[in-house]
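Student:
Chains as they are written, first to last, in this note's numbering: chain A, 167 to 318; chain B, 167 to 318; chain C, 120 to 201; chain D, 120 to 201.
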């Protein structure tokens, strides 16, 4: 059962992780992957020039590792991969990649859904975005609590 | 709103589709992708030498296109891609790839889940697998009806 | 080229038929189809899990089959599971 | 190197503090922390949405804070939403 959890301070290309992760699990039935990027361009995201993700080294990576273990225990997986950026990112850059490999698709899809809800709402990241040259902290959202509550 | 639906008679590499699909949707928040492969090696799948997927040209691709349209109408997507193999495949070869791009992750993940349930249970493919040199047809499963029923 | 009706057998029905398709005379209605498919193939056509399509369009009621010259009638067994 | 207690400010608390961390004398308990953080920083520390961790371990009860020489006390505001 493979677990691969990383914090990256530099830009990454999702393809560099998805292929090797898939190949590491011969006999699998399916791989589900979610890649989140810095959103831009429309509505409340218009005018975003950059996003910064801050973390706290003694807690952020250990928290992600515990989340991966929880997903492995909860779903019928062959492996899970969680990659998360830190630092300053521009619109269109990948922030997060979660892949789950399983013999059957349901476990893989649900594990990705579960991990994303918890990464977004329950992990030790603080974000700020730059608009008009000024940084603004992003506050928690009510929706995040609803997302977590889905998992009981 | 991009829709890309294809039947492929030859092996494909998921990476050749995921990257261009992602790049075709600037401003997106996330892309969810499921890749299904010919499962092998364990339990009921032990001894599978090959899988063959047969389709019916006048109905199979139009059915997949209708499914893609339904997903676009039902979820808040920027685009969806459905790639499906036909013909003879060996263990480990990709059979199906579904990607959904959206501004918010929930739509992308749910659309992939929805499309996979319907592709597996409600699309015009007939499968047979080769064991010990002999081809055996794969029958419908009860689970497929339960999967479809999730979507009301 | 023949201008009869082409009957196409999908999935395991092609094994049962021993061929992927056959030509029959037009016009073809439901009784004509059953007459053209004796034995287990006719039983399969009658079975409620076998669907019939004309030129790619599913019939809601198989007994309403009406196919003319150049039409393609497909016999569709249940699709395989996931 | 100092062997006091290092207080680390995360997220917007670093803006409030004007620095990412500061050293204070050991030992440090809850009252000592509040004394070391006057004004809005102290208010933030008291706020129920601010968590406190010692050497990476969250405190269930902030008032039970007991940090000694070389310990790192982190003030963790709510994480940002998705």
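Don't be surprised by glycine CBs; every beta carbon is placed ideally from N, CA and C.
Chain A partners of residue 186 (chain B), CB-CB under 7 angstroms?
Tutor: Near residue 186 (chain B) there are no residues of chain A at all, since even the closest Cβ is about 11 angstroms away, more than 7 angstroms.
Student: Given this structure, state the Cα-to-Cα distance separating residue 228 (chain B) from residue 234 (chain B), to the nearest angstrom.
Tutor: Rounded to the nearest angstrom, the two C-alpha atoms are 10 angstroms apart.
Student: Who are the neighbours of residue 225 (chain B) on chain C, taking C-beta pairs under 7 angstroms?
Tutor: Those are 172, 175, listed as they occur along chain C.
Student: Establish whether the CB of residue 129 (chain C) and some CB of chain B are separated by less than 8 angstroms.
Tutor: Interface residue, yes.
Student: Could you tell me which of A:177, A:219, A:178 sits nearest to residue 294 (chain A), measuring between CA atoms?
Tutor: Nearest C-alpha to residue 294 (chain A): A:219.
Student: Between the C-alpha atoms of residue 182 (chain D) and residue 291 (chain A), what's the straight-line distance to the nearest angstrom?
Tutor: C-alpha separation (whole angstroms): 24 angstroms.
Student: DSSP beta-bridge partners for residue 297 (chain B)?
Tutor: Bridge partners of residue 297 (chain B): B:214, B:300.
Student: Is the segment 265-284 of chain A touching the segment 196-203 of chain A, taking contact as three or more C-beta pairs under 8 angstroms?
Tutor: With a cut-off of 8 angstroms, the segment 196-203 of chain A and the segment 265-284 of chain A count as touching, because enough Cβ pairs lie within range.
Student: Is it the case that the Cβ atoms of residue 129 (chain C) and residue 164 (chain C) are separated by a distance below 8 angstroms?
Tutor: No, these two residues do not count as a Cβ contact at 8 angstroms.
Student: With a cut-off of 8 angstroms on the beta carbons, I'd call residue 178 (chain A) and residue 247 (chain A) a contact; round off their distance for me.
Tutor: With a Cβ gap of about 12 angstroms, residue 178 (chain A) and residue 247 (chain A) do not count as contacting.
Student: Would you say residue 200 (chain D) and residue 310 (chain A) are within 8 angstroms of each other, going by their C-beta atoms?
Tutor: Yes. Within cutoff.
Student: Please name the residues in the segment 208-241 of chain B whose beta-carbon is closer than 9 angstroms to at least one beta-carbon of chain A, in chain order.
Tutor: Taking 9 angstroms as the Cβ-Cβ cut-off against chain A, the residues of the segment 208-241 of chain B that qualify are 208, 209, 211.
Student: Is the separation between the beta-carbon of residue 180 (chain A) and that of residue 285 (chain A) shorter than 8 angstroms?
Tutor: Not in contact: residue 180 (chain A) and residue 285 (chain A) (Cβ atoms no closer than 8 angstroms).
Student: When you check each C-beta in the segment 149-163 of chain C against every C-beta of chain B, which residues fall closer than 8 angstroms?
Tutor: Hits within the stretch: zero.
Student: Is residue 300 (chain B) buried or exposed, if buried means 16 or more other CB atoms sit within 10 Å of its CB?
Tutor: By the neighbour-count rule (16 or more Cβ atoms within 10 Å), residue 300 (chain B) is not buried but exposed.
Student: Return the residues of the segment 280-313 of chain A that lie within a Cβ-Cβ distance of less than 7 angstroms from chain B, sorted by chain order.
Tutor: Residues passing the 7 angstroms Cβ filter: 282.
Student: Can you confirm whether residue 179 (chain D), when its beta carbon is compared against all beta carbons of chain A, has any partner nearer than 8 angstroms?
Tutor: No, because no Cβ of chain A sits closer than 8 angstroms to the Cβ of residue 179 (chain D).
Student: Among A:259, A:298, A:172, A:210, whose alpha-carbon lies nearest the alpha-carbon of residue 188 (chain B)?
Tutor: Considering only alpha carbons, the answer is A:259.
Student: Nearest chain B C-beta to residue 197 (chain A) closer than 8 angstroms, yes or no?
Tutor: Interface residue, yes.
Student: Look at the alpha carbon of residue 196 (chain C) and the alpha carbon of residue 155 (chain C), and state the distance between them as a whole number of angstroms.
Tutor: For residue 196 (chain C) and residue 155 (chain C), the distance between alpha carbons rounds to 18 angstroms.
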